[in-house]
Structures are given as structure tokens and as C-alpha cells.
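S.K.: Sharing a structure below in C-alpha cells format, with a few things to ask.
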Amino acid sequence: KARCPKTTAVMAALPLVFSGSRCPNVLFSRLKAGAKIPPHNGMINTRLICHLPLIVPGGCGFRVGNDVREWEPGKIWLFDDTVEHEAWNNSNEDRIILIFEVWKPELSEDEKGFVNRLLEAVDTY
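In C-alpha cells, the structure reads:
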């Protein structure tokens, strides 16, 4: 919070996913030059993953399902991470993005509470 007060203030105004010890997840993600994140899927479809590109050299891309894009600095991308996705950095520089999670807007407060209780139960298993 002390290192990123403006980011913290913006995040405080968003409907971030709060769920026990798992969330909220807000992080700066660095993908090193030449690195790849292999195809993978998230666990639950009750949230949207938000990627805000900050420092993005050419040759950095992302795929969600059949949707393939190059990063555009400042242009946010929201997606359901239960759909297979991957990322790559084919440049000679690091890529930096801000990643955070928000609730899907169609969920009621009761449904959010149920998801929280479910994840807390999973954590105690």
C-alpha cells in the first residue's frame, strides 16, 4: 500500500473479489523477455480476471480461447480464466501488467457469499 498509493486507491474503488485467505489478488506481473506462460485454466467462473498492460514491448501476446491479441498499453482486458489462456513475450524486454480480479457483475451478494463459504471450506479440507 505504501509503495503504490495511487494503485491502492483505485483498487479500493473496484468490486474486487474478497474470499478468505485467497483474495483479493492484485499484483504487478512481470513476464521476462523470451518467456512464456503455458496454456492453463482457472478454477471458478464467478470472477473476471483483469489485465492492465503497463509496460509492453512489441512481440507480447495473449490468448484466451480462440481470441489472440497483442497487448496495448493502458487498454484493459477482462476475461473468464476458466477458458484456457496463455501469454508470451517474444521481445528482448520485460513485460509488466497489473492483474486483479473482480466479481462477475451478474452475481448477487448471496451468490458471492456462497462462493466465499465454498472457497473457505476448500481451504480447510
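Final position of the sequence shown in the numbering used here is 344; the numbers increase by one with none missing.
Quick reminder that beta carbons are idealized off the backbone N, C-alpha and C, glycines included.
Buried or exposed: HIS270, going by 16 or more other Cβ atoms within 10 Å of its Cβ?
M.R.: In the sequence shown, counting from the first residue as 1, residue 270 sits at position 51. Result: buried.
S.K.: Can the beta-carbon of ILE268 be found closer than 7 Å to that of ILE315?
M.R.: By 1-based counting over the sequence shown, the position of residue 268 is 49. By 1-based counting over the sequence shown, the position of residue 315 is 96. In this structure, ILE315 does not lie closer than 7 Å to ILE268 by Cβ.
S.K.: ASP299 to TRP322, Cα distance in whole Å?
M.R.: For the purposes of this step, residue 299 is taken as residue 80 along the sequence shown, with counting starting at 1. For the purposes of this step, residue 322 is taken as residue 103 along the sequence shown, with counting starting at 1. In a straight line, the C-alpha of ASP299 is about 10 Å away from that of TRP322.
S.K.: Just mark GLU291 as buried or exposed, buried being the case when its beta carbon has 16 or more other beta carbons within 10 Å.
M.R.: Stepping through the sequence shown from its first residue, residue 291 is reached at position 72. Taking all protein chains in view, the Cβ of GLU291 is surrounded by fewer than 16 other Cβ atoms within 10 Å, so the residue is classified as exposed.
S.K.: Measure the C-alpha to C-alpha separation of ALA232 and ASN244 and round it to an integer number of angstroms.
M.R.: The count along the sequence shown starts at 1 and reaches residue 232 at position 13. The count along the sequence shown starts at 1 and reaches residue 244 at position 25. ASN244 has its alpha-carbon roughly 14 Å from the corresponding atom of ALA232.
S.K.: Taking 8 Å as the cut-off, does the segment 246–257 touch the segment 322–331 (at least 3 CB pairs, one atom from each stretch)?
M.R.: no
S.K.: Figure out for me which residue from ASN311, VAL302 and ALA306 has the closest Cα to the Cα of GLY277.
M.R.: Working through the sequence shown from its first residue, we reach residue 277 at position 58. For the set ASN311, VAL302 and ALA306, the Cα lying nearest the Cα of GLY277 is the one of ASN311.
S.K.: Going by DSSP, which residues form a beta bridge with CYS223?
M.R.: For this step, residue 223 is matched to residue 4 along the sequence shown. Bridge partners of CYS223: none, in fact.
S.K.: What residue ranges within the segment 255–284 form continuous alpha helix (DSSP H) runs of no fewer than 4 residues, ordered along the chain?
M.R.: none
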